[in-house]
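Novice: Residue numbers (the numbering used here): 98 to 240.
Ideal placement from N, C-alpha and C gives every residue a C-beta, glycine not left out.
Being a predicted model, the structure only gives us computed values, none of them experimental.
Quick one: this structure, given as structure tokens, is what I'll be asking you about.
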């Protein structure tokens, strides 16, 4: 076997399908806890957050696939970040933002300190939802 490059770490862990999907998009999706969520919300850009309850649950890992594609699409767009909060691990981060529907995953757009619940789940409708916020809150011609 080839030796790892100097300074790199190799680890072997057993992961579920959802966790593998999450790991594959970590560069494009911000994984947040309470302090980092609060810091991101205060930034002058849009933050689209998926609140999930553990990546092992089927509704969550199905969303992670779509979330990864969306995050890749918007990776270089300075107006928006996509993030993920695992409410199973980060209960304190999720508690203040419980949206009336108590099931997971829950999607929310943060803009200028306001939370906007997103009920969409299909990839194309999510793209339309994101674009409507980008056009409304941060017009392209101001960049």
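Nearest to residue 206 by CA position, among 142, 172 and 185, is which residue?
Specialist: With distances taken between Cα atoms, residue 206 lies closest to 142.
Novice: Answer with buried or exposed for residue 216, where buried requires no fewer than 16 other C-beta atoms within 10 angstroms of its C-beta.
Specialist: Under this definition residue 216 is an exposed residue.
Novice: Specify whether the segment 224 to 233 and the segment 161 to 175 touch according to this definition: at least 3 beta carbon pairs, one from each stretch, less than 8 Å apart.
Specialist: Taking 8 Å as the limit for Cβ pairs, the verdict is that the segment 161 to 175 does touch the segment 224 to 233.
Novice: Provide the residue span of the beta strand (DSSP E) that contains residue 215, from first to last.
Specialist: 211 to 215 is the extent of the beta strand (DSSP E) around residue 215.
Novice: Rounded C-beta distance between residue 185 and residue 150? I'm assuming under 8 Å.
Specialist: With a Cβ gap of about 5 Å, residue 185 and residue 150 count as contacting.
Novice: For the candidate residues 132, 138 and 126, whose alpha-carbon lies nearest to that of residue 208?
Specialist: Looking at the Cα atoms, 138 is the closest of the given residues.
Novice: Measuring straight from C-alpha to C-alpha, what distance separates residue 232 and residue 187?
Specialist: Using only the alpha carbons, I get a separation of about 32 Å.
Novice: Excluding the five sequence neighbours on either side, which residues of its own chain have a C-beta within less than 7 Å of the C-beta of residue 147, listed in chain order?
Specialist: Around residue 147: 160, 164, 181, 202 and 204.
Novice: Would you mind stating whether residue 200 and residue 144 have Cβ atoms separated by less than 7 Å?
Specialist: Contact flag unset, no.
Novice: Who does residue 203 pair with in a DSSP beta bridge?
Specialist: Answer by DSSP bridge pairing, in chain order: 148.
Novice: Would you mind reading off the limits of the beta strand (DSSP E) that contains residue 180?
Specialist: 177 to 183 is the span of the beta strand (DSSP E), which, as asked, contains residue 180.
Novice: Indicate the three-state DSSP secondary structure (helix, strand or coil) for residue 219 in the structure shown.
Specialist: Residue state, collapsed to three classes: coil.
Novice: DSSP on residue 208, reduced to helix/strand/coil?
Specialist: Strand at residue 208.
Novice: Taking residue 211 as the reference, which of 194, 190 and 223 has the closest Cα?
Specialist: The shortest Cα separation from residue 211 among 194, 190 and 223 belongs to 194.
Novice: Relative to the ligand NAD, is the shortest distance from any of its heavy atoms to the C-beta of residue 205 smaller than 6 Å?
Specialist: The ligand NAD is not part of this structure, which contains no ligands at all.
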